[in-house]
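Chains as they are written, first to last, in the working numbering: chain A, 1 to 192; chain B, 1 to 192.
All C-beta atoms in this analysis are idealised placements derived from N, C-alpha and C, irrespective of residue type, glycine included.
Note that this is a predicted model, so its numbers are computed, not measured.
Notes follow once the structure below has been shown.
There are 2 protein chains.
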Amino acid sequence: MRYAKGHKESTRERIVQAASRRFRQDGAEGVGVAALMAEAGLTHGGFYSHFDSKEALLRAAVEDSMTQTLDELTRLAKRYGDDVTALARGYLHHQHRDHPESGCAAAALAPELARHAPDTRAVFTVRLQALFKLIEARLPPTLPAAQRRERSMAIFAALMGSLQLARAVDDAALSERILQGGIHAATILALK
Amino acid sequence: MRYAKGHKESTRERIVQAASRRFRQDGAEGVGVAALMAEAGLTHGGFYSHFDSKEALLRAAVEDSMTQTLDELTRLAKRYGDDVTALARGYLHHQHRDHPESGCAAAALAPELARHAPDTRAVFTVRLQALFKLIEARLPPTLPAAQRRERSMAIFAALMGSLQLARAVDDAALSERILQGGIHAATILALK
DNA sequence: CATCTAATATGATGATCGTCATTTCATTGC
DNA sequence: GCAATGAAATGACGATCATCATATTAGATG
């Protein structure tokens, strides 16, 4: 091999990370292969020696960004009270709302992913279930086990939905209230 | 005037309704002007005598589809108990999950709308607030007025998020549990 | 230092994108 | 039935899309 071993691997990683950001920012259909490669400091030509298709890159990017989201949420929770309210406060923060490119992949891409290849959705599903578990672990142990799981799903759905609405709305004050409403709701859903 | 009066208006309406469906099905970037016009039984050429741009059509389509969603939810609620649980059951039904093209525009387009023109987001915002009011009117009057509004936002966010996740996931059983979790959560959030 | 080859760049493919100028056609008023 | 006119069709614009064949170049190996 002529290039240092691991060179191609690290280049691939750079492409995935660039894609991971841009897909969240502009949507999977909102950015082309050429722009993605340029963001990684390359030209578009070499793309297909790294990935079979744009869809394959999306799959890798979903895996990367969902893992990032998982790590970030874990970090956030640990930093503050390590309960659902802490998670909600971190998730529904202005900074998260204003920076989708480094934020939750589910919030940025969920409706689009529903229209993508089964492989891509499968990757998403696995990571999403890890997110559910993250919340579930912070629900009161008094809740029946069967309910804990469904409750964690609903809490995440509420957080994700609130973030999306806060981003879509054209009214700063309303956006703020949506975030607050989401935090309160998550707290309520984490009780009883 | 050479064509029957109202002819152009009804054609425009046909285009909006075709767009209203296709945008929800394939996303705003997932379908082109030519396909939209074809769906309305026309060719692409005449498009710009009806709309200034594709964005203008999106704005009209968002207004149309959000209004449809509002009407449908009102109808659904009235049909069954006329409470939040009835709304949730209707919203998180399999039929809704499996037919985004005739379903909630917010669930189909929210993340994408965040990236669109202020005018488009303003139209969305107005209709979204009507959706909030629809839920708010079905919350127990014992709740403090200030909380009612935020609560209604969170309930809708939870419904919308649950629907999106149920659509994105590649696991039928999980999809089902997400829908159930959303219904239960909405019911809990409508109490106390 | 020269050679070899993997990694990237160049450049082109046909398709589709949004947009628009121009032409054709349908319908109504005379 | 003819002329006037508004609506829709034709066809093209340059840009960008995903994809790929070919050329170049970087850098470790001998």
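So, helix, strand or coil for residue i, using DSSP?
i: Glu55 of chain B; result: helix
i: His50 of chain B; result: coil
i: Gly41 of chain B; result: coil
i: Arg138 of chain B; result: coil
i: Gly181 of chain A; result: helix
i: Gly30 of chain A; result: coil
i: Leu208 of chain A; result: Residue 208 of chain A is absent from the model: chain A starts at 1 and stops at 192.
i: Lys133 of chain B; result: helix
i: Val169 of chain B; result: coil
i: Ala186 of chain A; result: helix
i: Leu191 of chain A; result: coil
i: Ser10 of chain A; result: helix
i: Leu159 of chain A; result: helix
i: Leu174 of chain A; result: helix
i: Leu143 of chain A; result: coil
i: Ala18 of chain A; result: helix
Once the 5 residues before and after residue i are set aside, which same chain residues still bring their CB inside 6 angstroms of it?
i: Ile178 of chain B; result: Ser162, Leu165 and Ala166
i: Gly175 of chain B; result: Sequence inspection shows Ser at residue 175 of chain B; the Gly mentioned does not correspond to that position. Counting only Cβ-Cβ distances below 6 angstroms, and skipping sequence neighbours, we find Ala166 and Val169.
i: Ala107 of chain B; result: Met160, Leu163 and Gln164
i: Ala60 of chain A; result: Val16
i: Leu57 of chain B; result: Ala19 and Phe51
i: Ile155 of chain A; result: Ile135, Ala186 and Leu189
Could you give the C-beta distance for residue i and residue j, rounded to a whole number, given that I count them as a contact under 8 angstroms?
i: Glu63 of chain A; j: Val123 of chain A; result: 5 angstroms
i: Ala117 of chain A; j: Glu55 of chain A; result: 5 angstroms
i: Ile135 of chain B; j: Leu76 of chain B; result: Ile135 of chain B to Leu76 of chain B, Cβ: 12 angstroms. No contact.
i: Leu109 of chain B; j: Gly90 of chain B; result: Between Gly90 of chain B and Leu109 of chain B the Cβ distance is about 20 angstroms, and since that is not below 8 angstroms, they are no contact.
i: Pro141 of chain A; j: Arg24 of chain A; result: Wrong, their Cβ atoms sit about 34 angstroms apart, outside the cutoff.
i: Arg12 of chain B; j: His50 of chain B; result: 5 angstroms
i: Val31 of chain B; j: Phe47 of chain B; result: Not quite, the Cβ-Cβ distance comes to about 13 angstroms (not below 8 angstroms), so this is no contact.
i: Ala105 of chain A; j: Met66 of chain A; result: 5 angstroms
Cutting at 7 angstroms between CB atoms, please list the residues of its own chain near residue i, excluding the five before and the five after it.
i: Gln17 of chain A; result: Asp64
i: Ala185 of chain B; result: Ala158
i: Arg151 of chain B; result: Leu139, Leu143 and Leu189
i: Leu42 of chain B; result: none
i: Gly103 of chain A; result: Arg24 and His96
For residue i, count neighbouring C-beta atoms within 10 Å of its own C-beta (all shown protein chains included) and say buried if the count is 16 or more, exposed if not.
i: Val126 of chain B; result: exposed
i: Gln68 of chain B; result: buried
i: Asp170 of chain B; result: buried
i: Leu36 of chain A; result: buried
i: Leu92 of chain A; result: buried
i: Glu112 of chain B; result: buried
i: His96 of chain B; result: buried
i: Met1 of chain B; result: Only weak support exists for where Met1 of chain B lies, its pLDDT of 45 falling under 50; the value from the coordinates is given anyway. The residue is exposed, with fewer than 16 neighbouring Cβ atoms inside 10 Å.
i: Ala145 of chain B; result: exposed
i: Leu191 of chain B; result: exposed
i: Ser20 of chain A; result: buried
i: Ala173 of chain B; result: exposed
i: Gly45 of chain A; result: exposed
i: Ala40 of chain B; result: buried
i: His94 of chain A; result: exposed
Starting from the C-beta of residue i, find all residues in its chain whose C-beta is less than 8 angstroms away, skip the five residues before and the five after it, and write them out in chain order.
i: Leu70 of chain A; result: Arg127, Ala130, Leu131 and Leu134
i: Tyr80 of chain A; result: Ala86, Arg89 and Gly90
i: Arg115 of chain A; result: none
i: Gly181 of chain A; result: Ser162
i: Asp98 of chain B; result: none
i: Ala38 of chain B; result: His44
**Message:** What ranges does the alpha helix (DSSP H) occupy inside the region 54 to 122 of chain B, keeping only unbroken runs of at least 4 residues that lie completely in it?
**Reply:** 54 to 79, 84 to 91, 94 to 98 and 105 to 113
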